[in-house]
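Residue numbering for the sequence shown follows the working numbering, starting at -11 and increasing by one per position.
Notes follow once the structure below has been shown.
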Amino acid sequence: MSGKIKKNAPMEIGNNVFICSNCIILKGVKIGENTIIGAGSVDTKNIAAGQIWAGHPAKFLKNKDIEKIL
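Here it is as structure tokens:
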């Protein structure tokens, strides 16, 4: 789900996404399912499903292990 962001496109947010408080998500960004974005993050890139991102700008931290959660 990486690649160039279309600055005039609407953002796309998948199912079961947890966006913490005070996050900024830029236009055209796609966020995959089962993703977490940390508080105060500025998301400038597309995020694949099942990942955890945080920071300013948001950076990849780790993949969520769905099997452990279930």
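Think of the CB as a built atom: it goes at the ideal place given N, C-alpha and C, for glycine as much as any other residue.
These figures come from a predicted structure and were not determined experimentally.
Query: Local conformation of D31 per DSSP, three classes; Result: strand
Query: In chain order, each beta strand (DSSP E) run of at least 3 residues that lies wholly inside the segment -5 to 50; Result: 39 to 43
Query: Pick from K47, I35 and H44 that is closest to N59, judged by C-alpha positions; Result: Look at the range of the chain in this structure, -11 to 58, and you will see that residue 59 is not part of it.
Query: Under 8 Å between C-beta atoms of C11 and I24; Result: no
Query: Cβ distance (whole Å) where G16 is taken to contact G2 below 8 Å; Result: That pair is no contact at about 15 Å.
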